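S.K.:
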DNA sequence: TTTCAAAAGTGTATCATTTACACTTATTTT
DNA sequence: AAAATAAGTGTAAATGATACACTTTTGAAA
């Protein structure tokens, strides 16, 4: 391939970045992790958590690495949202950025990282102005999440491994931005036998207590049909 | 920003390419435009039609330019599918490639371009082995198209501006890979008043002749609800 | 210890949507 | 005149989606 080097070298090269739209769920609200940069360039600007792709990394590997650096978590659900490449989207240099939608259980997130990264969990309904096209990335990531949450078991990534049906429902409501009928919702849950009732009870959110459920992925794989 | 140049320069840069998954529809078959390269590198390998992003171009502009160079057409429907960035996906150099799904009316395509580009219309069901991840791009572009065709008026981009309902139905069948009940299909068409019957008749495909319809986009915009 | 507050849990009837299904019509060719 | 070919048309049954309100359980407060 050596002899065709000029074929490639006649074309320009760009920085390629990863931006993570990290979703979490707490207090009935869908949140995302944003950062107010305390370093140059763009100090003080609100932005998504990101990083650059390295020479020796697949872009998905880079996304996993960046996400791990920012959240401390491994084996996290992430999906590519899209790629953003306006010429002037980053005034410091030509940067093409690939956005990823990341879903984490907010309780597994080490809050100390917020100090280190100067980052915050902000409700998606009350985001500040943000760096260039980062609002577009968030919008598109949310659309992706909305499209998936009713048809694939992705919401469980935002919950603890044991959760109540009320938590699951309020999660769906927060993602879809609309309220859901409780009895209809539970009827649909009941049709999916991979959402398993345990005999454990959570009493933190009510006096009566609510049964805890878990998502059984291997059972789901045997008959992967999901509708909520 | 000058003083932060090193912030960027400490990170690597990559070639960024566009690959177009160009769909066409003819003889009841969904086809895509592929090219057997008659130039180095990778001479003889089947691949999608592509090109590199330039310094002064947004990626969407680059996609439009590349698509225009390859099809001769302007103002075509195109949507980003995803970005493919495995380290070794192109052995000649590190190239990150953004795939676009492109829908054209195959009758507007100048067949002479096939000579110039060494390109062909191949049925999606009978594709040859292809360059690295180009099959993945095609699979993902087809998924995108399948997801959209029933809920948004995108199929019309693959048809002439006047079309019969049988053409529209066989197009949907080709995209979805399953047969559709004729009466149910036409019932749904009848519910969308932006699919307008003309008094023109096409007699090329049957003795009786079939009424020609057209898609009225401004009527659609007044009440954008689509279900087929 | 009784009362109150707060969330959990439970079923049915109606409505809307989707599916299954087969013959007639119009025209050209033989 | 008959045959061949694709266009065009409606209804009934089944399935899925929606609307809707009261009882239960428990801890905290009176």
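Protein chains in written order, with my numbering: chain A, 16 to 243; chain B, 16 to 243.
Ideal Cβ placement from N, Cα and C applies to all residues, glycine included.
Because the structure is a prediction, the values reported are computed rather than measured.
Could you tell me whether the Cβ of residue 74 of chain B comes closer than 8 Å to any Cβ of chain A?
M.R.: Taking the second chain and counting its residues from 1, the one referred to as residue 74 of chain B is at position 59. Closer than 8 Å to some Cβ of chain A, the Cβ of residue 74 of chain B qualifies, so yes.
S.K.: So if I threshold CB-CB distances at 7 Å, which residues from the region 89-105 of chain A count as touching chain B?
M.R.: Here the close residues are 95, 97, 98, 100, 101 and 102.
S.K.: Across which residues does DSSP place residue 49 of chain B in a beta bridge pair?
M.R.: As a working mapping, residue 49 of chain B is identified with position 34 in the second chain. Beta-bridge pairing links residue 49 of chain B to B/135.
S.K.: Who are the Cβ neighbours of residue 209 of chain A in its own chain at under 6 Å, not counting the five residues just before and after it?
M.R.: One-based indexing of the first chain puts residue 209 of chain A at position 194. These residues qualify, in order along the chain: 231, 234 and 235.
S.K.: Are the CB atoms of residue 229 of chain B and residue 176 of chain B within a distance shorter than 8 Å?
M.R.: For this step, residue 176 of chain B is matched to residue 161 along the second chain. For this step, residue 229 of chain B is matched to residue 214 along the second chain. Against a cut-off of 8 Å, the Cβ pair of residue 229 of chain B and residue 176 of chain B comes out as a contact.
S.K.: Do residue 65 of chain B and residue 32 of chain B have their C-beta atoms closer together than 8 Å?
M.R.: Stepping through the second chain from its first residue, residue 65 of chain B is reached at position 50. Stepping through the second chain from its first residue, residue 32 of chain B is reached at position 17. Yes; because the gap between Cβ atoms is below 8 Å, this pair is in contact.
S.K.: Would you report the Cα separation of residue 103 of chain A and residue 201 of chain B, rounded to the nearest angstrom?
M.R.: What you label residue 103 of chain A is simply residue 88 of the first chain in a count that begins at 1. What you label residue 201 of chain B is simply residue 186 of the second chain in a count that begins at 1. Whole-angstrom Cα-Cα distance: 47 Å.
S.K.: Considering only the alpha carbon of each residue, which of A/116, A/40 and A/130 lies closest to residue 82 of chain A?
M.R.: Counting from 1 along the first chain, the entry for residue 82 of chain A is found at position 67. Comparing Cα-Cα distances from residue 82 of chain A to each of A/116, A/40 and A/130, the minimum goes to A/116.
S.K.: Note down, in chain order, each residue of its chain lying with its Cβ closer than 7 Å to the Cβ of residue 95 of chain A, except the 5 sequence neighbours on either side.
M.R.: For the purposes of this step, residue 95 of chain A is taken as residue 80 along the first chain, with counting starting at 1. Same-chain partners within the cutoff: 113 and 115.
S.K.: Rounded to a whole number of angstroms, what is the C-alpha to C-alpha distance between residue 40 of chain B and residue 139 of chain B?
M.R.: In the second chain, the residue the question calls residue 40 of chain B occupies position 25. In the second chain, the residue the question calls residue 139 of chain B occupies position 124. Rounded to the nearest angstrom, the two C-alpha atoms are 10 Å apart.
S.K.: With a cut-off of 8 Å, does the C-beta of residue 241 of chain A fall near any C-beta of chain B?
M.R.: Within the first chain, residue 241 of chain A is the residue found at index 226, counting from 1. Judged by the 8 Å Cβ criterion, residue 241 of chain A is not in contact with chain B.
S.K.: In the DSSP output, which residue or residues are listed as bridge partners for residue 44 of chain A?
M.R.: Looking up residue 44 of chain A in the first chain gives position 29. Paired residues: A/41.
S.K.: Just how far apart, CA to CA, sit residue 151 of chain A and residue 63 of chain A?
M.R.: Taking the first chain and counting its residues from 1, one reaches residue 151 of chain A at position 136. Taking the first chain and counting its residues from 1, one reaches residue 63 of chain A at position 48. Approximately 11 Å between the Cα atoms of the pair.
S.K.: Could you give the uninterrupted runs of the alpha helix (DSSP H) lying entirely in the region 42-115 of chain B, keeping only those of 4 residues or more?
M.R.: With a minimum length of 4 residues, the continuous alpha helix (DSSP H) runs that stay inside the region 42-115 of chain B are 74-86.
S.K.: Please identify, using Cβ separations under 7 Å, the residues of the region 23-52 of chain A that lie next to chain B, in order along the chain.
M.R.: Residues 23, 26, 27, 28, 29, 30 and 31.
S.K.: Check residue 32 of chain B in the structure and name its three-state DSSP category.
M.R.: Here residue 32 of chain B refers to the residue found at position 17 when the second chain is read from its first residue. Note: residue 32 of chain B maps to strand in three-state DSSP.
S.K.: Going by other Cβ atoms of all chains shown within 10 Å of its Cβ, with 16 needed for buried, is residue 34 of chain A buried or exposed?
M.R.: As a working mapping, residue 34 of chain A is identified with position 19 in the first chain. When all chains shown are included, residue 34 of chain A counts as buried.
S.K.: Quick one: residues in its chain with C-beta nearer than 7 Å to the C-beta of residue 146 of chain A, no 5 flanking neighbours on either side, listed in chain order?
M.R.: Translated into positions along the first chain, residue 146 of chain A becomes position 131. These residues qualify, in order along the chain: 57, 60, 61 and 62.
S.K.: Going by DSSP, what residue range makes up the alpha helix (DSSP H) through residue 188 of chain A?
M.R.: As a working mapping, residue 188 of chain A is identified with position 173 in the first chain. Here the alpha helix (DSSP H) through residue 188 of chain A covers 180-191.
S.K.: Hey, residue 2 of chain A and residue 118 of chain A: beta-carbon distance below 8 Å or not?
M.R.: This structure gives no information on residue 2 of chain A, because the portion of chain A shown stretches from 16 to 243.
S.K.: Thinking just about the alpha-carbon of each residue, which of B/219, B/158 and B/238 is nearest to the one in residue 182 of chain B?
M.R.: The residue given as residue 182 of chain B occupies position 167 in the second chain. When only C-alpha atoms are compared, the closest one is B/219.
S.K.: Sorted by chain position, which residues of the same chain lie with C-beta nearer than 7 Å to residue 207 of chain B's C-beta, five sequence neighbours on each side aside?
M.R.: Along the second chain, read from residue 1 onward, the residue named residue 207 of chain B stands at position 192. Excluding positions up to five away in sequence, the list reads 241.
S.K.: Looking at the unbroken beta strand (DSSP E) that takes in residue 217 of chain A, where does it start and where does it end?
M.R.: Here residue 217 of chain A refers to the residue found at position 202 when the first chain is read from its first residue. Note, residue 217 of chain A: beta strand (DSSP E), 210-217.
S.K.: If you measure beta-carbon to beta-carbon, which residues of the region 147-163 of chain A are closer than 9 Å to chain B?
M.R.: So the close ones are 162.
S.K.: Is there at least one Cβ from chain A nearer than 8 Å to residue 70 of chain B's Cβ?
M.R.: Within the second chain, residue 70 of chain B is the residue found at index 55, counting from 1. Residue 70 of chain B counts as touching chain A.
S.K.: Nearest-angstrom Cα distance between residue 123 of chain B and residue 87 of chain B?
M.R.: Here residue 123 of chain B is taken as the residue at index 108 of the second chain, counted from 1. Here residue 87 of chain B is taken as the residue at index 72 of the second chain, counted from 1. Roughly 9 Å separates the two Cα atoms.
S.K.: Identify the contact partners of residue 109 of chain A in chain B, using a Cβ-Cβ distance below 8 Å as the criterion.
M.R.: Numbered from its first residue, the first chain carries residue 109 of chain A at position 94. Neighbours of residue 109 of chain A on chain B, chain order: 70.
S.K.: Please confirm if residue 56 of chain A has its CB atom under 8 Å from at least one CB of chain B.
M.R.: Locating residue 56 of chain A in the first chain gives position 41, counting from the first residue. It does; some Cβ of chain B falls within 8 Å.
S.K.: How would you list, in chain order, the residues of chain B whose beta-carbon sits under 9 Å from the beta-carbon of residue 171 of chain A?
M.R.: Taking the first residue of the first chain as position 1, residue 171 of chain A is located at position 156. Chain B residues near residue 171 of chain A: none, gap ~23 Å exceeds 9 Å.
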